[in-house]
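Enquirer: The working numbering puts the sequence shown at residues 28 to 129.
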Amino acid sequence: AIHEQASHQQSMAAEFSERGDAGGAGQARDPARALQEGIDAVSAIDDAAKMDSGGSAALDKLRIGCILCAGNEEVLQKEVDQAYKVFNFLLFYAKQKPDDVS
C-alpha cells in the first residue's frame with residue numbers, strides 16, 4: 028500500500044510542480060512553500076477526529092513538499108526545528124491508520 032501511495036504522490040508532486048499553486052501551466056511550484064504547507068497541515072492534526080478526517084490529506088501535502096525539496100538541503104535545514112511535529116504526526120498516523128502503512 029505504501030509503495031503504491033508513494034508512486035502516486037510522486038506523480039502528484041510532478042503535476043503540482045508543473046502547475047504551480049494556481050493550477051496554471053508553466054508556473055513552477057516553490058518547494059519551500061510546498062514543504063511549509065505540508066508541515067502546517069500535519070501540525071494541525073492533533074487528535075483522532077482530525078486524523079480520521081484530514082490525516083491522509085495532510086500526509087499527501089507533506090509528501091509532495093518533501094518530494095519537491097528532495098536534495099535541497101538549504102530548504103530542509105530551515106525547517107529542522109519542525110521535525111518533531113512531523114515525526115509526532117507520522118507516529119500518530121501509523122498508530123491510527125496501520126492499514127495505510129503496512
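Glycine included, every Cβ here is placed at the ideal spot set by N, Cα and C.
With DSSP run on the structure shown, which of helix, strand or coil describes S83?
Expert: Counted from its first residue, the sequence shown places residue 83 at position 56. Helix, per DSSP.
Enquirer: Considering P58, what are the terminal residues of the alpha helix (DSSP H) in which it resides?
Expert: Position 31 of the sequence shown, counted from the start, is the residue given in the question as residue 58. First-last of the alpha helix (DSSP H) with P58: P58 to S70.
Enquirer: Just to confirm, are A61 and G92 a CB contact at a threshold of 9 Å?
Expert: By one-based count along the sequence shown, residue 61 stands at place 34. By one-based count along the sequence shown, residue 92 stands at place 65. Yes, Cβ-Cβ distance for A61 and G92 is below 9 Å.
Enquirer: Provide the residue span of the alpha helix (DSSP H) that contains K122, from first to last.
Expert: Residue 122 sits at position 95 when you count from the first residue of the sequence shown. First-last of the alpha helix (DSSP H) with K122: A110 to Q123.
Enquirer: What three-state label does DSSP hand A75 in the structure shown?
Expert: As a first step, residue 75 must be located in the sequence shown, where it is residue number 48. Helix, per DSSP.
Enquirer: On a CA-only basis, which of D87, A75 and K124 is nearest I131? Give me that one, please.
Expert: Lying outside 28 to 129, the shown extent of the chain, residue 131 is not represented and no answer is given.
Enquirer: So, helix, strand or coil for E106, using DSSP?
Expert: Counted from its first residue, the sequence shown places residue 106 at position 79. Three-state DSSP puts E106 in coil, outside helix and strand.
Enquirer: Where does G98 fall in DSSP's three states?
Expert: Sequence index remark: in the sequence shown, residue 98 carries index 71 (1-based). DSSP places G98 in coil when its eight states are reduced to three.
Enquirer: Just checking my contact of M78 with Y120 at CB under 8 Å: how many whole Å lie between their CB atoms?
Expert: Translated into positions along the sequence shown, residue 78 becomes position 51. Translated into positions along the sequence shown, residue 120 becomes position 93. That pair is a contact at about 7 Å.
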